[in-house]
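What follows is a set of notes on a single structure, which appears directly below.
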Amino acid sequence: MRIVIGAMIEGLGWLLLVLKFFGKIEGDWPWFFGAAAILGGMFMVVEGALGWCAVRAMGFKTPI
13 MRIVIGAMIE GLGWLLLVLK FFGKIEGDWP WFFGAAAILG GMFMVVEGAL GWCAVRAMGF
73 KTPI
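With my numbering applied, the sequence shown covers 13 to 76.
So, in structure tokens, the structure goes:
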């Protein structure tokens, strides 16, 4: 599930950057949020593929 959600977030980040590149969105915020969504989405995909959880690695008890 984490892989799918990560891929969707990454796709939204790419969409933001493409729309900003072609001038469909104004302002500077799409560059920041687009890049953040891509990096966050990639992290979620890797986390899901490895079966690893950053929150659990910090010591928090979360349900599996």
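Note that beta-carbon positions come from the ideal geometry of N, C-alpha and C, so glycine has one too.
Grab the span of the alpha helix (DSSP H) containing Trp64 for me, first residue to last. Translated into the one-based positions of the sequence shown, residue 64 becomes position 52. Here Trp64 belongs to no alpha helix (DSSP H), and DSSP marks it neither H nor E.
Assuming Met20 is part of the alpha helix (DSSP H), what are its boundary residues? Position 8 of the sequence shown, counted from the start, is the residue given in the question as residue 20. It spans Arg14 to Phe33 - the alpha helix (DSSP H) in which Met20 sits, taken as one unbroken run.
Spatial neighbours of Ile21 within its chain, please: C-beta separation below 7 Å, excluding the five flanking residues on both sides. In the sequence shown, counting from the first residue as 1, residue 21 sits at position 9. Excluding sequence neighbours, Ile21 sits near Ala49, Gly52, Gly53 and Met56.
Per DSSP, what kind of secondary structure is Ile50 in: helix, strand or coil? As a working note, residue 50 is residue 38 in the sequence shown. Residue state, collapsed to three classes: helix.
Per DSSP, what kind of secondary structure is Met70 in: helix, strand or coil? The residue given as residue 70 occupies position 58 in the sequence shown. Met70 falls in the coil class under three-state DSSP.
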